[in-house]
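The next block holds one structure in the form of structure tokens; read it before the comments.
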Amino acid sequence: GIWSSVVLGGVSSLYGGRPGLISGSAGVVVVPLAPLVAAHGASYIAPCMLLVALVELLFAFFRLGRYVDLVSDSVLKGFLNGLGCLLIRSQVSIFTSLAGTAL
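Just so you know, we're using this note's numbering here: the sequence shown kicks off at 219 and counts up by one.
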């Protein structure tokens, strides 16, 4: 849950964290946000996160979270598998650029 993401963020930052590290639920945010930041700059992150927070508050206020149960397991698994494929694809260039170099 949320506490595992907090612990994972703390552990990954204490033991070898780096600016490009994606851990926990941040992967869900990175995929749609990265192209927007590339197009509009880093100053785009704060307004975007505030808008997301506002939408989450509205969902909480109107108690719309209960409708998540209507989404089937296969849809959730497909979304997460697609997200994993996108994250792997984005990291392949890092691994291929390291080929032949000593770590």
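By construction, the Cβ of each residue, glycine as well, lies at the ideal position given by its N, Cα and C atoms. These numbers were taken from a predicted model, which means no experiment stands behind them.
Query, Result
"C-beta atoms of Tyr262 and Leu254 nearer than 8 Å", "yes"
"Opening and closing residue of the alpha helix (DSSP H) in which Asp291 lies", "Asp291 to Ser315"
"Contact check, Leu288 vs Val246, beta carbons under 8 Å", "no"
"Rounded C-alpha distance that separates Phe279 from Cys266", "20 Å"
"Rounded C-alpha distance that separates Lys295 from Leu272", "27 Å"
"Other residues of its chain near Phe277: CB distance less than 7 Å, five sequence neighbours each side excluded", "Gly283"
"Beta-carbon contacts of Ile306 that lie in its chain and below 7 Å, excluding the five residues immediately before and after", "none"
"Rounded separation between Val225 and Leu232 - CA only", "11 Å"
"Beta-carbon gap between Val249 and Leu304 smaller than 8 Å", "yes"
"Under the three-state DSSP convention, the category Arg281 falls into", "coil"
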